[in-house]
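At position 41 of the sequence shown (counting the first as 1) the number is 82 in this note's numbering, and the numbers step up by one without a gap. Beta carbons are placed, not taken as given, at the ideal position from N, Cα and C, and that holds for glycine. Take a look at the structure set out below.
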Amino acid sequence: MGFMDKVKESVKNADDKLGKAIDNEKLDSEIRKNERKIEDIAKELGEKVIEILRKGEEVSKDLLDEYYAKVKECDEAIEKLKADKEALKDKPAE
42 MGFMDKVKES
52 VKNADDKLGK
62 AIDNEKLDSE
72 IRKNERKIED
82 IAKELGEKVI
92 EILRKGEEVS
102 KDLLDEYYAK
112 VKECDEAIEK
122 LKADKEALKD
132 KPAE
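Here's what the structure looks like:
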């Protein structure tokens with residue numbers, strides 16, 4: 042293997058590692074985004090529950106189910122992103 046071949050191989054390896062790092066950061070960012078969304082949903086639900094209780098009304102199961110569906114959607118997205126991240130880690134360099 043000549044000098045230029047070694048240089049090309051080194052550049053390719055560095056590019057692959059950088060690409061993986063960027064993809065990994067994008068996945069981490071999406072995970073954090075979904076975690077913040079869950080926090081926002083919980084806060085919104087809490088405010089709604091307090092509002093309902095202050096009116097002397099009962100909190101409906103439908104309301105809780107509606108908000109839980111939103112949280113579950115985020116949980117599923119997080120699990121998929123974590124699986125994608127794991128697959129990226131296991132992916133051999135090209």
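Which of the three DSSP states is assigned to V112 in this structure? helix
Contact under 8 Å by Cβ, N65 with L129: yes
Which whole-angstrom value describes the C-beta separation of L68 and D125, a residue pair presumed to lie in contact below a C-beta threshold of 8 Å? 6 Å
So, for N75: in the same chain, excluding its five sequence neighbours on each side, which residues have a beta-carbon less than 6 Å away from its beta-carbon? C115, A118 and I119
If you measure between the beta carbons of V90 and V100, is that distance less than 8 Å? yes
Backbone CA spacing between G60 and R77 [nearest angstrom]: 26 Å
Straight-line Cα distance separating E71 from A62: 14 Å
Distance between Y108 and L86 (C-alpha atoms, nearest Å): 7 Å
Distance, Cα to Cα, D81 vs E88? 11 Å
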